[in-house]
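To keep things clear, I will list the structure first and then write my remarks on it.
Residue numbers (the UniProt record's numbering), protein chains in the order written: chain V, 1 to 412; chain P, 1 to 412; chain Y, 1 to 412.
Set out below in structure tokens:
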């Protein structure tokens with residue numbers, strides 16, 4: 001039986017934090033050094049702002065869980081980037097004896113962190129910070145493994161592999177949420193709401209993601225002699241896809257509303273769907289209108305997904321998805337994947353190339369989906385034990401479990 | 001008679017959004033392509049942050065209208081940039097057969113969008129999103145037309161023409177607000193207030209505008225051989241003008257207050273007046289102290305305007321200006337124009353040059369004012385019809401007209 | 001006897017503002033000109049965001065003092081940068097006849113401003129804006145004098161001298177707070193609290209400081225031929241120190257909590273301690289794990305300081321430190337200084353060099369501490385007079401002293 005009162009974090013969180021942090025420092029002592037490569041600094045800053053501030057404030061929307069949303073995101077991200085730097089450097093350590101820190105490795109680490117923050121979005125409010133940390137570390141391990149598998153066995157390009165972060169994170173999180181589902185908890189989530197204040201804070205997070213997404217998608221695009229415009233094309237495509245996405249999300253939000261009104265959750269989440277889809281499809285998109293059409297389609301499925309699939313998932317499959325990661329990252333990611341497939345096939349000169357690409361591209365998705373779902377399931381089972389002392393049903397979505405409120409002022 | 005209850009947006013907003021968005025995509029299919037020119041990326045990001053986050057959160061200050069303030073700004077901006085890209089590219093389409101998207105065209109599009117957001121500031125809370133969208137598209141059309149007229153017939157430099165965006169937007173918005181004025185609505189605007197929470201969100205918007213304004217003013221300044229320091233001079237001038245402007249606005253806010261206290265509205269708006277004035281006058285300002293004096297004068301007239309002219313406008317002319325665009329953008333813009341005139345005359349070698357410049361400079365202003373006011377009037381008359389179903393008087397400045405609040409939490 | 005009611009700011013704030021502002025403009029008229037040196041623009045922007053938005057919103061955490069926190073920071077910063085530009089240019093004025101404004105001089109001015117904002121943190125809520133302005137100007141004067149003394153007599157490098165800004169600001173503020181302490185005020189500070197809303201705003205400030213700190217520490221690092229990687233090393237060291245600092249602060253926050261929970265104040269402040277310490281120690285840190293260990297130690301002493309030393313200071317020494325500047329800037333700064341000493345000694349080839357460096361390094365700290373504390377005491381005595389009309393005990397930490405609330409909406 002789950003404990004009815006939140007217990008002190010004292011014997012759980014600090015040991016985990018210090019154990020991991022000490023371990024990371026030890027690895028850094030022996031294996032990590034600094035390399036010089038300044039060119040990406042400003043786009044790195046944009047990605048950093050998206051991961052820390054964007055995801056952090058996006059997670060503040062729950063009315064009583066905003067300290068946890070922002071605070072745990074910072075905590076998880078601070079730990080996850082170190083882990084991602086280590087994991088991504090394993091190969092270099094094997095070959096060159098050192099893990100090198102440079103702008104590129106930090107950008108990649110922040111992207112892996114973004115993937116884990118997406119996964120966490122599905123279980124936000126129903127877990128404690130220990131669980132969130134472990135989820136992040138396991139998710140990143142899986143995602144790095146997935147990238148290594150795709151690059152090694154399927155010769156997928158690095159950029160295409162890393163842009164699967166949305167799909168990997170979303171399906172990992174969904175499986176996790178499914179395993180961690182608790183019977184009879186639907187009625188008790190009365191704190192799972194938005195109010196004016198937390199709504200605005202989360203819109204702020206949305207806007208930072210929305211504004212800097214062109215940097216996120218373009219930062220790792222490499223300029224080569226054959227196609228000098230790739231990097232800028234990624235910037236413009238993302239910009240246009242997001243603009244159309246914002247318009248479309250507003251339109252479908254009203255259209256599917258029984259009262260004919262806008263829904264803040266859609267504005268806050270589904271406006272970002274275009275950035276997800278174009279990120280995955282990017283390498284095959286050459287014209288601005290294609291990017292815009294992708295933005296339209298992504299916002300469409302994202303809004304419909306939030307409105308209709310999210311409640312269905314809860315009641316039919318007992319899968320509760322706090323931040324709607326299926327609709328915001330999962331489905332638009334798969335849409336982007338499909339568009340890339342179609343565009344590449346349309347671009348192919350002959351049938352053989354097209355079929356070969358299709359097989360290869362479908363394998364990419366299948367491996368990513370299987371790995372993310374299996375690892376999500378395993379992580380879920382590992383974290384289901386009462387040993388982790390998750391918050392009891394009545395205390396879900398509540399900061400008071402985790403934060404001192406000794407001097408909370410009475411509202412005027 | 002105006003409808004007494006807010007009606008569903010369903011048959012109004014989505015059709016407009018999808019019609020426009022589809023139209024834009026069609027134009028993009030046939031006419032728009034990407035050009036490569038990366039140099040402005042980081043300053044473009046600053047402008048982007050100002051337009052989306054700065055203007056967006058500046059508009060959150062009304063106590064019950066903050067979702068609409070931030071949300072509609074995003075929606076309007078997402079649509080307006082596309083329209084501005086198309087309109088600004090018409091000439092290139094005519095000559096070269098294509099509209100080219102590059103960093104410069106996006107920066108210009110965002111500046112046109114800023115102009116339309118200024119106009120919208122005058123009618124914020126008294127209109128619905130359909131009206132806001134149409135205002136933005138018409139205002140941008142007028143502003144682009146104005147720039148074309150000035151450049152074609154008066155040989156005004158492109159940078160000087162675009163910096164009139166504050167004047168154009170403000171007077172367009174004022175006329176609009178005058179036409180859309182509703183008898184007997186003064187007593188009913190009890191929701192037109194600031195509280196601690198929305199005040200802080202809007203101060204955040206102010207700070208983003210204040211911090212990144214040097215980029216806004218300098219991004220389009222071109223460095224030439226005759227005057228290599230122009231661009232940096234624009235940065236430093238704007239920086240200094242804004243610093244002085246913040247100090248001065250605080251001083252006059254206290255001085256004109258019956259209780260001898262600071263007024264948040266002044267801190268939030270009039271601190272920005274220096275950036276407006278210096279933006280217009282920039283090309284004639286060569287010394288730091290001149291920039292500082294402009295900042296002083298701009299904040300002075302802006303604060304006095306907010307304190308004394310805004311209520312006068314309401315009662316004497318029945319013109320209700322929600323965001324005080326006359327005081328924040330209109331008057332400081334005209335001040336900048338006057339300073340530019342005086343400095344250019346003082347710089348002239350002989351009387352003939354001075355008189356010629358004066359005539360030319362006065363024509364520039366007259367054309368801009370006439371065009372903005374006439375188009376504002378026309379737009380106002382077009383939108384006055386009940387066909388558009390504006391929010392009834394009692395529902396002005398209220399998010400509940402437009403946003404689903406099914407799960408709004410009861411305040412603790 | 002202190003006045004029991006807040007009096008109008010009219011005869012105090014505006015005269016001071018206009019007197020100072022006019023004086024500054026006059027100095028600018030005669031002595032200041034613009035120099036061209038664009039290279040630092042983007043990092044300058046990051047520092048600007050930290051000073052205006054970061055410090056501004058960090059100061060919004062008090063439940064009834066958030067307008068003042070953000071507003072006064074803007075006001076003080078706008079004035080202080082001008083003063084710092086003038087003071088830092090005195091030497092150049094003496095030798096070259098002009099004070100030159102360039103990116104570097106603005107960055108230095110903003111860092112001096114940051115130092116004064118740290119000092120202000122110790123007396124926030126217990127002073128009026130006149131006092132804050134004078135504190136800032138005197139603190140900057142002292143800090144610039146300190147830098148000049150260190151560089152002239154001890155040949156301390158410019159970068160090392162300016163990075164003492166945390167230590168100087170913190171001890172200046174502590175002495176100030178000690179002198180300005182009022183008997184019997186402990187019970188009355190019931191407004192000195194955080195709530196959900198102001199907590200989130202201040203976390204936003206924290207995140208901006210946290211994200212952009214790598215730019216803050218690295219912007220003035222000069223790349224030379226002997227050590228080409230210095231600048232990037234400063235970026236990576238700060239990044240890693242902050243990541244570890246965030247993790248460690250969370251760990252010790254829980255560990256020292258009687259309820260075993262996180263404390264928002266620690267998350268909001270102590271996560272930044274790593275950036276302070278590494279900023280001071282930076283020039284001697286060459287390996288990533290050293291930076292991480294510094295981040296760990298800094299967050300440790302910062303969290304313990306906030307938990308145990310802050311209350312002790314209040315009851316044993318009658319020194320009330322609103323923002324905990326001792327724990328956040330003072331102690332981590334001294335830690336950084338100690339680490340630098342140890343690392344330099346360990347790096348020394350022979351004993352003579354080590355001893356010489358130690359003597360020199362200890363003198364640096366002693367001069368900085370003495371000067372900051374003496375000037376803090378003097379400033380405190382100057383501002384203790386009732387002439388300045390500080391807010392009465394009952395009105396401390398309250399916006400209503402300083403801000404018009406005529407149209408404050410009643411909370412729904």
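Even for Gly, the Cβ is constructed at its ideal location relative to N, Cα and C.
If you run the structure through DSSP and keep just helix, strand and coil, what is residue i?
| i | result |
| --- | --- |
| residue 144(P) | helix |
| residue 382(Y) | helix |
| residue 99(P) | strand |
| residue 49(Y) | helix |
| residue 9(P) | coil |
| residue 194(V) | coil |
| residue 149(P) | helix |
| residue 33(Y) | strand |
| residue 407(V) | Note on residue 407(V): pLDDT 49, under 50, position unreliable in the model; no value is reported. |
| residue 262(P) | strand |
| residue 396(P) | coil |
| residue 246(P) | helix |
| residue 221(P) | coil |
| residue 18(Y) | helix |
| residue 401(P) | helix |
Taking only the alpha-carbon atoms, compute the straight-line gap between residue i and residue j and give it to the nearest angstrom.
| i | j | result |
| --- | --- | --- |
| residue 243(Y) | residue 292(Y) | 8 Å |
| residue 278(P) | residue 135(V) | 52 Å |
| residue 153(V) | residue 143(V) | 15 Å |
| residue 191(P) | residue 172(Y) | 45 Å |
| residue 1(Y) | residue 374(Y) | With a pLDDT of 36 at residue 1(Y), under the threshold of 50, the predicted position of this residue should be treated as unreliable, though the coordinate-derived value follows. Approximately 27 Å between the Cα atoms of the pair. |
| residue 410(V) | residue 84(P) | Model confidence at residue 410(V) stands at a pLDDT of 38, short of 50, so the residue's coordinates are unreliable; what they give is reported in the following sentence. Each residue's alpha carbon lies about 48 Å from the other. |
| residue 155(Y) | residue 231(Y) | 21 Å |
| residue 209(P) | residue 68(Y) | 19 Å |
| residue 395(Y) | residue 401(Y) | 7 Å |
| residue 386(P) | residue 128(V) | 53 Å |
| residue 414(V) | residue 298(Y) | With chain V running from 1 to 412 in the structure shown, residue 414(V) is simply not present. |
| residue 130(Y) | residue 265(P) | 21 Å |
| residue 324(Y) | residue 140(Y) | 20 Å |
Determine whether the beta carbon atoms of residue i and residue j lie at a separation below 8 Å.
| i | j | result |
| --- | --- | --- |
| residue 167(Y) | residue 147(Y) | no |
| residue 326(Y) | residue 309(Y) | yes |
| residue 92(Y) | residue 98(Y) | yes |
| residue 24(Y) | residue 86(Y) | yes |
| residue 175(Y) | residue 40(Y) | no |
| residue 256(P) | residue 303(P) | yes |
| residue 9(V) | residue 59(V) | no |
| residue 271(P) | residue 206(P) | yes |
| residue 305(P) | residue 274(P) | no |
| residue 253(Y) | residue 267(Y) | yes |
| residue 109(P) | residue 55(P) | no |
Rounded to whole angstroms, how far is the Cβ of residue i from the Cβ of residue j, which I believe are closer than 8 Å?
| i | j | result |
| --- | --- | --- |
| residue 57(Y) | residue 202(Y) | 6 Å |
| residue 198(V) | residue 61(V) | 5 Å |
| residue 76(P) | residue 116(P) | 7 Å |
| residue 79(Y) | residue 247(P) | 6 Å |
At a cut-off of 7 Å, would you count residue i as near the ligand ZN, judging by its Cβ distance to the nearest heavy atom?
| i | result |
| --- | --- |
| residue 295(V) | Of the ligands one can find in the structure shown there are none, so the ligand ZN has no counterpart to examine. |
key: Contiguous alpha helix (DSSP H) assignments of at least 4 residues, all confined to the segment 60 to 119 of chain P   = DSSP runs (the alpha helix (DSSP H)) wholly in the segment 60 to 119 of chain P: 66 to 88, 90 to 96.
Alpha helix (DSSP H) segments (min. 4 residues) lying fully within the segment 328 to 379 of chain Y = Qualifying alpha helix (DSSP H) stretches, in chain order: 331 to 347.
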